[in-house]
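Residue numbers (the numbering used here): 89 to 642.
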């Protein structure tokens with residue numbers, strides 16, 4: 089695919105992949121060319137793996153630069169190259185190019201980037217091939233070159249190691265320029281409509297005199313401000329996160345990652361519970377200052393819980409034996425606990441796990457080898473068809489310990505020291521490499537040093553959590569009504585949802601305010617150029633079959 093030119097290819101436009109169809113006027117194509125031909129040509133050009141803004145939100149934006157919606161709260165950001173490219177043998181040269189790519193952004197802002205090999209880092213840089221654990225496999229030479237996470241999802245940047253990465257050369261793929269582009273995403277910038285911008289989705293080829301476009305500068309300064317004029321003292325060395333003190337007998341999740349319950353409360357914070365203690369889980373692993381005793385912060389709530397869940401009305405429910413408690417964040421409502429038989433008629437005592445499934449917005453309870461569906465709008469709220477066998481949920485084991493619908497609208501099941509991610513579209517445990525179940529301590533609690541296997545340490549993201557690149561207008565979008573966890577290092581914000589979703593408003597029920605969340609059925613991405621009419625028909629048929637299968641067993 090790559091040819092060695094005899095002179096600098098100023099007319100060569102090596103792109104990254106495909107651009108949104110609604111931006112045809114901004115494409116650098118001859119006007120006499122057939123538009124369909126131009127689209128097909130663009131599809132085969134390399135580009136950034138972070139999707140463009142599409143749909144109503146993308147067409148409505150008339151800014152040149154585009155802000156994704158989140159940013160880092162601190163200005164001293166740490167990074168590490170945890171996996172180097174195999175074709176570039178000189179690691180020092182790679183270090184220099186990556187540092188130069190970060191400097192592109194620090195030169196025009198107050199940001200300071202620190203390369204460290206100690207502790208957790210804000211931005212983890214990795215060179216990977218194919219499926220590499222984040223659900224977005226690389227496709228080999230050409231097309232997708234790299235992808236990155238926005239700040240609220242960890243900031244990591246992944247590069248396709250099957251590309252021919254080069255330094256200061258016209259052939260191959262220039263590492264510095266692609267890295268600078270991806271780090272723009274890591275800092276909170278989306279793709280720009282300005283062709284000369286670094287944040288345009290199309291890679292233009294090696295430019296010896298590269299510099300940021302004014303559009304890039306305006307965008308990054310809108311997030312982090314202009315550089316300070318005064319002389320600033322050097323930033324002290326990065327200090328790793330202190331090791332928690334377990335001398336009081338509290339459990340160490342890095343030694344035993346099994347949990348009793350997990351939930352994300354109305355304020356967007358995710359907690360896991362075990363025995364008499366609880367932890368807050370962030371994108372970077374366990375938050376500082378944990379574990380803490382449940383009795384200290386959750387007044388009236390006992391330890392050794394069975395399950396927990398939170399509904400979209402902001403209420404969090406905790407279950408233990410034959411009782412349940414209702415909270416809003418950490419404050420318990422009056423009149424609790426109550427018997428499960430009163431508030432959740434038809435649900436057994438001593439359940440294993442409870443969650444709201446994003447596939448249909450219904451509430452499910454697991455116990456042993458069975459599960460129950462609860463719908464407060466129905467009478468009775470649990471159909472006579474239940475219980476049903478857990479084997480209906482393909483790939484899930486019996487005797488689940490905890491379940492959680494996380495901020496990415498995906499459902500996670502925990503058993504022992506491992507967890508499973510469920511694919512709501514295929515109605516089965518996700519297929520990925522490394523396969524599920526995965527180590528909870530590695531992927532959620534960031535316990536590399538103590539309990540990670542060699543494979544887990546190679547595959548797991550160093551910033552913890554089971555994250556995915558968040559694509560504006562793509563499948564993993566979080567709707568504006570979903571609350572993002574409040575992190576130490578990034579500012580939470582609404583994320584534009586460019587995909588069409590079906591929202592069904594459900595009426596509030598009386599009594600104990602047991603309202604169920606609205607279903608969220610993800611629509612097909614009609615903007616994908618990969619769909620021909622035949623493919624679209626087959627995809628729709630598959631969706632109908634899967635939906636019928638869901639209705640039959642759920």
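Quick reminder that beta carbons are idealized off the backbone N, C-alpha and C, glycines included.
CA-to-CA distance, residue j to residue i, given in whole angstroms
{"i": "residue 628", "j": "residue 515", "result": "16 angstroms"}
{"i": "residue 422", "j": "residue 416", "result": "11 angstroms"}
{"i": "residue 379", "j": "residue 532", "result": "15 angstroms"}
{"i": "residue 272", "j": "residue 229", "result": "23 angstroms"}
{"i": "residue 464", "j": "residue 239", "result": "38 angstroms"}
{"i": "residue 192", "j": "residue 298", "result": "10 angstroms"}
{"i": "residue 592", "j": "residue 199", "result": "Note that residue 592 scores 28 on pLDDT, short of 50, meaning its location in the model is unreliable and no value can be drawn from it."}
{"i": "residue 252", "j": "residue 511", "result": "34 angstroms"}
{"i": "residue 236", "j": "residue 243", "result": "7 angstroms"}
{"i": "residue 310", "j": "residue 370", "result": "26 angstroms"}
{"i": "residue 386", "j": "residue 452", "result": "24 angstroms"}
{"i": "residue 130", "j": "residue 626", "result": "Residue placement at residue 130 is flagged as unreliable, the pLDDT there being 46, under the threshold of 50; the coordinate-derived value follows with that caveat. So the alpha carbons of these two residues sit roughly 25 angstroms apart."}
{"i": "residue 450", "j": "residue 497", "result": "13 angstroms"}
{"i": "residue 247", "j": "residue 187", "result": "15 angstroms"}
{"i": "residue 522", "j": "residue 177", "result": "26 angstroms"}
{"i": "residue 535", "j": "residue 357", "result": "20 angstroms"}
{"i": "residue 448", "j": "residue 420", "result": "28 angstroms"}
{"i": "residue 472", "j": "residue 429", "result": "16 angstroms"}
{"i": "residue 403", "j": "residue 495", "result": "16 angstroms"}
{"i": "residue 347", "j": "residue 339", "result": "10 angstroms"}
{"i": "residue 425", "j": "residue 368", "result": "24 angstroms"}
{"i": "residue 398", "j": "residue 525", "result": "24 angstroms"}
{"i": "residue 201", "j": "residue 194", "result": "7 angstroms"}
{"i": "residue 538", "j": "residue 343", "result": "For residue 538, the predicted structure reports a pLDDT of 41, less than 50, and the residue's modelled location is therefore unreliable. A value from the coordinates is still provided. Those two C-alpha atoms are separated by around 7 angstroms."}
{"i": "residue 410", "j": "residue 384", "result": "23 angstroms"}
{"i": "residue 205", "j": "residue 164", "result": "15 angstroms"}
{"i": "residue 227", "j": "residue 217", "result": "8 angstroms"}
{"i": "residue 316", "j": "residue 284", "result": "27 angstroms"}
Among the options, the one whose alpha carbon lies nearest that of residue i
{"i": "residue 215", "options": "187, 223, 267", "result": "267"}
{"i": "residue 441", "options": "166, 466, 486", "result": "486"}
{"i": "residue 307", "options": "286, 504, 171", "result": "286"}
{"i": "residue 303", "options": "269, 282, 240", "result": "282"}
{"i": "residue 509", "options": "203, 187, 219, 223", "result": "223"}
{"i": "residue 258", "options": "288, 280, 293", "result": "293"}
{"i": "residue 479", "options": "234, 315, 457, 227", "result": "457"}
{"i": "residue 270", "options": "461, 343, 290", "result": "290"}
{"i": "residue 211", "options": "250, 431, 276", "result": "276"}
{"i": "residue 301", "options": "481, 280, 315", "result": "280"}
{"i": "residue 55", "options": "164, 401, 203", "result": "Lying before the first or after the last residue shown, residue 55 is absent from the chain, which here runs from 89 to 642."}
{"i": "residue 160", "options": "241, 384, 412", "result": "241"}
{"i": "residue 263", "options": "181, 162, 418, 483", "result": "181"}
{"i": "residue 170", "options": "406, 466, 179, 481", "result": "179"}
{"i": "residue 444", "options": "437, 400, 502, 363", "result": "400"}
Distance CB(residue i)-CB(residue j) smaller than 8 angstroms
{"i": "residue 341", "j": "residue 506", "result": "no"}
{"i": "residue 365", "j": "residue 359", "result": "no"}
{"i": "residue 245", "j": "residue 274", "result": "yes"}
{"i": "residue 345", "j": "residue 393", "result": "no"}
{"i": "residue 190", "j": "residue 167", "result": "yes"}
{"i": "residue 504", "j": "residue 489", "result": "yes"}
{"i": "residue 470", "j": "residue 435", "result": "yes"}
{"i": "residue 208", "j": "residue 373", "result": "yes"}
{"i": "residue 390", "j": "residue 408", "result": "yes"}
{"i": "residue 477", "j": "residue 433", "result": "no"}
{"i": "residue 232", "j": "residue 312", "result": "no"}
{"i": "residue 288", "j": "residue 351", "result": "no"}
{"i": "residue 493", "j": "residue 446", "result": "yes"}
{"i": "residue 491", "j": "residue 454", "result": "yes"}
{"i": "residue 361", "j": "residue 382", "result": "yes"}
{"i": "residue 221", "j": "residue 520", "result": "yes"}
Residues bridged to residue i [DSSP beta-bridge criterion]
{"i": "residue 167", "result": "203, 211"}
{"i": "residue 665", "result": "As displayed, the chain neither begins before 89 nor continues past 642, which places residue 665 out of reach and without an answer."}
{"i": "residue 369", "result": "358, 374"}
{"i": "residue 506", "result": "503, 527"}
{"i": "residue 197", "result": "Answer by DSSP bridge pairing: none, since residue 197 is not bridged."}
{"i": "residue 246", "result": "214, 235"}
{"i": "residue 254", "result": "262"}
{"i": "residue 437", "result": "Paired residues: none, contrary to the question."}
{"i": "residue 412", "result": "407, 426"}
Anticipated Cβ contact below 8 angstroms, residue i with residue j, distance rounded
{"i": "residue 459", "j": "residue 475", "result": "6 angstroms"}
{"i": "residue 295", "j": "residue 265", "result": "7 angstroms"}
{"i": "residue 185", "j": "residue 255", "result": "6 angstroms"}
{"i": "residue 413", "j": "residue 388", "result": "7 angstroms"}
{"i": "residue 249", "j": "residue 174", "result": "6 angstroms"}
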